[in-house]
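Protein chains: 2
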Amino acid sequence: MSAPGTDTGEPRAMRADAVRNRAKIVEAARAAFSERGLETQMEDVAKRANVGVGTVYRHFPTKDALVQALIVDKMERVAEEARRALEEESDPWEAFSRVLWLGAEHQLRDRALAQVVATQPQSTWRNAAEKETELGSRMAELLTRAQKAGAVRPDVRPDDIPMVMCGLGAVVQNERSWERYMRLVLDGFRADASEPLPD
Amino acid sequence: MSAPGTDTGEPRAMRADAVRNRAKIVEAARAAFSERGLETQMEDVAKRANVGVGTVYRHFPTKDALVQALIVDKMERVAEEARRALEEESDPWEAFSRVLWLGAEHQLRDRALAQVVATQPQSTWRNAAEKETELGSRMAELLTRAQKAGAVRPDVRPDDIPMVMCGLGAVVQNERSWERYMRLVLDGFRADASEPLPD
DNA sequence: GACTATACGGAATCTGGATTCCGCTTGTCA
DNA sequence: TGACAAGCGGAATCCAGATTCCGTATAGTC
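Here is the structure:
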């Protein structure tokens, strides 16, 4: 969540109070959007941060930009978890499924994240999969390993991951038993299916 | 989709033109909401129906009421399909999964339906499950039969159905490969799981 | 301590829709 | 066919929020 001036970039460094405020805003936004989701209003964020709306807007040009920043940040954390699983874990299935469970928990704790993932999984995933964050390829690797180990059916594709997470986004927001959803899907990944998946 | 006056109810029958207009509105709304989803504007509906906005509002007090009416109508059709499957089909698994596939297709063809199911599965399902429409109990019966036949794992519960349909609602709107989602989930239903589902 | 570029606060403004209102039409019924 | 209630059209109104603006405050600099 670096900001112009926070780091040692070229643009003249931000004023100390601006840096402080930006941090307060980000933190307030994180809390507000996690709890209330996208319906959170810019004024809510401002109030939580003890700042005027104008200040929020100086740091983030639009509500969407603010949300995007929060999402990117979250996805980076997930990517980090994926990286860790990739090196630490021994059992391929454990590693693969653990990251998915972690992702689910992120959605559970962050209403806005769930809404965005359920609504625009494509862009969310791409952003996280392409840039520095290698989420896409890491998950693909975890999947491949699990498949090679025979833990996941061979016709599952990397694309299926954002797909089930998208469904989860909707489930998490409405159903008490999102864990059953996860279990069901993960079991679907393992099932020695009667027929291979379509497409 | 009966309306006061359309049937032989007590309230003084609607004027002929009103009946005609209501039909045009419902049809226009069905088309518009199916295509564009909830973002459809009341004016859009009015235009499609060759009617003024005011007329739309005389028939449906709010946008939400209009949407609700369309959804209820859809759910009744699904309930009807469930009823048919319940009596016609021989193979329990076929019957059960067929209705789910049909439900998926409804969501695929009706953007608003998918949005509502993904967003408020509880109320949508309840409405359809309680009232005249016995969707809930019919699906439960189809599920039970499939379980007795050994086609579906015993720890799947009736509640899991709206849950996966909720996830599907999100998937259908964003992912090209919703069929893979369905396959995966249905396979999850059949899987002889390593562990029983939580809860 | 004075000066100025940055930041700040938050009232005022703008917008996209939903919903309302009311003068004008048109069925319906005697 | 005339009276009038039921309906109609669509401009005007409302509203919730996002976004802008500008007078004021303050960190950074000499």
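Each protein sequence line maps, in turn, to chains X and Y.
Note that our numbering has the first sequence beginning at 4, numbered continuously upward.
Note that our numbering has the second sequence beginning at 4, numbered continuously upward.
C-beta: ideal position from N, C-alpha, C; glycine also.
- Against chain X, a Cβ distance below 8 Å from residue 123 of chain Y picks out 177.
- At a cut-off of 7 Å between C-beta atoms, residue 201 of chain X counts as an interface residue with respect to chain Y.
- Here the C-alpha atom of residue 129 of chain X lies approximately 8 Å from the C-alpha atom of residue 139 of chain X.
- For residue 192 of chain X, the enclosing alpha helix (DSSP H) begins and ends at 181–193.
- Residue contact check for residue 67 of chain X against chain Y: no CB pair falls below 7 Å.
- Taking the Cα positions, residue 192 of chain Y is about 22 Å away from residue 137 of chain Y.
- When the beta-carbon positions are compared, residue 98 of chain Y and residue 171 of chain Y stay at least 7 Å from each other.
- Nearest in C-alpha terms to residue 77 of chain Y, of all of Y:199, Y:151, Y:117 and Y:26, is Y:117.
- Here the C-alpha atom of residue 115 of chain Y lies approximately 5 Å from the C-alpha atom of residue 41 of chain Y.
- Nearest C-alpha to residue 113 of chain X among X:82, X:176, X:92 and X:162: X:176.
- Between residue 168 of chain Y and chain X, the shortest Cβ-Cβ separation is not below 7 Å.
- A Cβ-Cβ separation of about 18 Å leaves residue 24 of chain Y out of contact with residue 65 of chain Y under the 8 Å criterion.
- Contact check between the segment 186–202 of chain X and the segment 179–193 of chain Y: three or more CB pairs, one atom from each, fall below 8 Å, which counts as touching.
- When only Cα atoms are considered, residue 86 of chain Y and residue 174 of chain Y end up about 26 Å apart.
- Taken atom to atom, the span from the alpha-carbon of residue 53 of chain Y to that of residue 123 of chain X is near 34 Å.
- In the DSSP assignment, residue 76 of chain Y falls within the unbroken alpha helix (DSSP H) covering 66–91.
- Of the residues Y:94, Y:71 and Y:56, the one whose Cα lies closest to the Cα of residue 152 of chain Y is Y:94.
- Here the alpha carbon of residue 56 of chain X sits roughly 43 Å from the alpha carbon of residue 163 of chain Y.
- Each residue's CA atom was taken as its position, placing residue 105 of chain X and residue 73 of chain X some 17 Å apart.
- Exposed is the label assigned to residue 67 of chain X, since fewer than 16 other Cβ atoms lie within 10 Å of its Cβ.
- At a Cβ-Cβ threshold of 7 Å, residue 43 of chain Y and residue 49 of chain Y do not count as neighbours.
- Counting other Cβ atoms within 10 Å of its Cβ, residue 165 of chain X reaches 16 or more and is therefore classed as buried.
- Contact of residue 37 of chain Y with chain X is not assigned, every C-beta pair being separated by 7 Å or more.
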